[in-house]
Amino acid sequence: MTWWCAATRLPWSWSPRAYPGVWLFIASIAVGAVTVVRRSGIRPSRREALAFWSGLAFLWIASDWPIGTLGSGYLASAHMLQYFLYTFVATPLLVLAIPERLALRATERPRLARANELLSRPWAAALVANAVLLATHAPFTVDTFRVNQAGSFVLDLIWIVGGIALWWPICGPIREFRPSYPVRCVYLFLAAGLVPMLPGGFLTFADFPLYALYELAPRVGDLDPVEDQQMAGALMKVGSIPIIWPVIGTMFWRWAKADPARLGGPGSVRRVPASDTAPTGQG
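Just so you know, we're using our numbering here: the sequence shown kicks off at 295 and counts up by one.
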């Protein structure tokens, strides 16, 4: 039985294919999350509930037919679209869905507390997220893991880990561990905007296919392997822009609203305490 999307070498068809493993995986996350919330006695807000079910829906869309099937064995561009949906849509929504009280209770365990503290540091989160980006898009990794169901499943799980790591400093559930707004803006620009442009440019301007899997795969329409790879590279380079720039803009606006004096805006005149104006040597 085909339980997870993987390369099959079968001619592409738009006839739907069933992947029970994908359905079981999504259902397990839903049941597990509902069980944890009920046992904790913590009621998520409507916003958190909406974020969770939306994130789970996008996770399902990226994993199941047709995107999951195309990305696993037919098109490098669909493979990149999967990564994009995992990393920039599904996982940030799932992180936003975690109630702060639940996260605080979880961090009473030393290991979880250390993990939260580490991932809240931008340098550590950027290292994990971009290591996942580079490792999972290396030709050796793709050509090795995508050819069987277990390897393809592991690759998708790694994408989830990388996406959670990327967004943890931005919207992690425990607010006191989040870096300042300026740090988060710079971090997101570098980790999710600038770094992916390097491998994305390499894919876009390569003169020959880098992935044997997609080069030898049955064709989907009239798209040849080089054009497919160029589309994948373009998506890696600029696909995150519609996501990260609105997020950066929102954080910048919140920073300005919280402390207008930093930007010289209305109400930015700083009142100097009388003690600050006293001449040196006076009490």
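Heads up, the beta-carbon is just placed ideally off N, CA and C, and yes, glycines get one too.
Y508 sits in a helix when the DSSP states are folded into three classes.
It is roughly 27 Å from the alpha-carbon of P519 to the alpha-carbon of A423. Inclusion of G362 and Y313 in the CB contact set at 9 Å is warranted, their separation being smaller than that value. Spatial neighbours of F439 in its own chain (CB-CB distance under 7 Å, excluding positions within 5 residues in sequence) are listed in chain order as G445, S446, V448 and L449. Rounded to whole angstroms, the Cβ separation of L350 and I392 is 13 Å, and the two are not in contact under 8 Å. The beta carbon of A528 lies closer than 6 Å to those of T498 in the same chain, with the five residues before and after it left out. Here DSSP, grouped into helix, strand and coil, assigns H431 to coil.
Within 10 angstroms of the beta-carbon of G335 lie fewer than 16 other beta-carbons, which makes it exposed. Three or more pairs of CB atoms, one per stretch, sit closer than 8 Å, so the region 391-406 contacts the region 339-354. As for any alpha helix (DSSP H) of minimum length 4 sitting wholly inside the region 328-390, the runs are 340-357, 361-367, 370-379 and 385-390, ordered along the chain. Taking the C-beta atoms as reference points, A526 is found nearer than 9 Å to A370. If you compare the alpha carbons of G367, L427 and R341 with that of L304, the shortest gap goes to G367. In summary, T385 is buried, with 16 or more beta-carbon neighbours lying within 10 Å of its beta-carbon over all protein chains present.
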